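For reference, the structure is listed below as structure tokens.
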Amino acid sequence: MTSITRRTLLKTTAATGVAVAAPAILKASDALASSGTVNVFAWGDYVQDNIKDAFEKETGIKVNLSTYGSNDEAENKLRAAGGKGFDVVFPSVDTGPNYYKDDLLAPIDESKFKVDEVIPSIYRASINLGATNRGKRYLIPSDWGTEGMTWNAESNPDLKYGTISYGDMWTSDMAGKVALRQKSALISLAIYLDAIGEVKSDRAMDLYKSEEDCKRVFEAVTKYAIEHRQNVGAFWNNATEATAAFTDAGCTIGQTWDTTGILLHRETNPAWMYTMPKEGGLGWIDTMGIPSGAENVEQAYAFINFMLTPEAGGMFANNTGYNSAAVDADKHLNADQKAAFAMAYPDAEAIDNLWWWPAQTTFFSSLRTEYVEKFTNA
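According to numbering that gives the first Met the number 0, the stretch in the sequence shown is residues 0 to 377, in order.
Here it is in structure tokens:
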């Protein structure tokens, strides 16, 4: 693993609750190569030993694993190599356009990819979120997760699913108690201020509408954030920092990735809770793509198809705490993961109301960086 990752490993593994047999991926009649090597470039906690070992045992294909800790790191390394050096990469779907502009990914050959293994609604949603370009698909959903509300129920006894809001982080009694990631907090603040009618933004989608609208919304929400800057007890930019904001910096509420709140609840104190705010959590989809310079293409498709089997999807979810995009992966979850899912998403509305990160535009990326710096340095 890289020393700093966006996400954190669960200390538990698939062995803690579910015994998973290696899924059957290749048969003697398959056209895919049943030997060779696949060079995988993934988030630090994505391809753990149980997944790697099961794939190698089933297929005879050796996995050479490299890891990264941010989308920027993955993009920059692949760009510097001209799309070469790796056979599978795991971009977040909204970063797809960053790869397309430099022809860093190869189109997906759906005759080699088992489309019906992906949850249909997520496969469809990914089309408009960055997985396609000029009518061709380049990215296949692999998993999804959220940013929502983490809070200490002992310190904040009145907060609960159904009423908890992004606005609860900005009240006057929260000085020094809030943990935030700036680049996400400005988005959730836009959603909140739109919901209460203070800053109209079409639920933050105006940030992607035009450069003029993007500036207007960012200017207003950043002004609000700076006016309430005293509420911030800690900024975070990776999983370690997010956890430390609560365990070391004294924060009692914040906006975090799902695993931060789930692991605090499971491993630190059950008083820590994680769920979706009433305005809707921020949803992300990570994907698998094949770099344009991949040398082991058949092995890459074997690996992708393996990751999307129900058994491997269950292993992945139990390992990481994220939600696999594989159909029926939920049937292979251990007890801890089932409980975490129920806490984060108590009903169907919690998922239906998610705000999925759209595909990035050039003006959005540059303006967000500008206003994040203003908020951070205020």
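All residues carry an ideal CB built from backbone N, CA and C; glycine is no exception. As the structure is a prediction and not an experimental result, all values here were calculated from the model.
With a CB to CB cut of under 6 angstroms and the five nearest residues on each side skipped, what residues in its chain are close to W256? E146
Helix, strand or coil: how does DSSP classify G260 here? helix
With distances taken Cα to Cα, identify the nearest neighbour of V216 among K135, M204, H227 and N317. M204
Local conformation of G320 per DSSP, three classes: coil
Helix, strand or coil at I402 according to DSSP, with G and I counted as helix: No answer is possible for residue 402: the residues shown for the chain start at 0 and end at 377.
Below 8 angstroms between beta carbons: does that hold for R136 and P106? yes
Does the distance from the CB of L158 to the CB of W150 come in under 8 angstroms? yes
Excluding sequence positions up to five away, which residues of its chain have a Cβ less than 8 angstroms from the Cβ of A299? V37, D86, V87, I289 and A293
What residue does the beta strand (DSSP E) around P140 start on, and which one ends it? I139 to N151
Identify the residues that DSSP records as bridge partners of W354: which are they? L281
Look at T361 and Y207 and say whether their C-beta atoms are less than 8 angstroms apart. no
On the three-state DSSP scale, how would you describe P290? strand
What do you reckon, are the CB atoms on G129 and G95 nearer than 8 angstroms? yes
On the criterion of 16 or more Cβ atoms from any shown chain inside 10 Å, does V371 qualify as buried, or is it exposed? buried
Should A194 and E278 be called a contact, given that it needs their Cβ atoms to be closer than 8 angstroms? yes
Closest Cα partner of V92 within the set A325, N304 and I126: I126
Coarse secondary structure for A377, derived from DSSP in three states: coil
Would you say V177 lies against chain C (beta-carbon separation less than 8 angstroms)? Looking for chain C here will not work: only one protein chain is present.
By DSSP's criteria, R136 is part of a beta bridge. Which residues make up the other side? T131
Alpha carbon of V19 to alpha carbon of D167, nearest angstrom: Low confidence applies here, because V19 scores a pLDDT of 40, under 50, leaving its location unreliable; read the following figure in that light. Each residue's alpha carbon lies about 41 angstroms from the other.
Can we say the stretch 108 to 124 touches the stretch 312 to 331, given the rule of at least three CB pairs closer than 8 angstroms? yes
With distances taken Cα to Cα, identify the nearest neighbour of N268 among P276, T242, M275 and T286. T242
State yes or no: is the C-beta of N237 within less than 8 angstroms of the C-beta of G68? yes
Helix or strand or just coil, what does DSSP make of A20? Because A20 carries a pLDDT of 45, less than 50, the predicted location of this residue cannot be relied on, and the following value inherits that uncertainty. Correct three-state label for A20: coil.
Check: K61 C-beta below 7 angstroms from any heavy atom of the ligand ADP: Summarising the ligand content, the structure contains no ligands, and the ligand ADP is consequently not present.
By alpha-carbon positions, which one of A338, M173 and N376 ends up nearest to T251? M173
Once you ignore the five residues that flank K111 on each side, which residues in its own chain have a CB closer than 7 angstroms to its CB? Y300
Thinking just about the alpha-carbon of each residue, which of D48, L366 and P140 is nearest to the one in I303? P140
Per-residue burial, D108 [other beta carbons within 10 Å of its own, 16 or more giving buried]: exposed
So the alpha helix (DSSP H) I121 belongs to, where does it begin and stop? P119 to S125
List the residues that DSSP assigns as beta-bridge partners of Y67. W42
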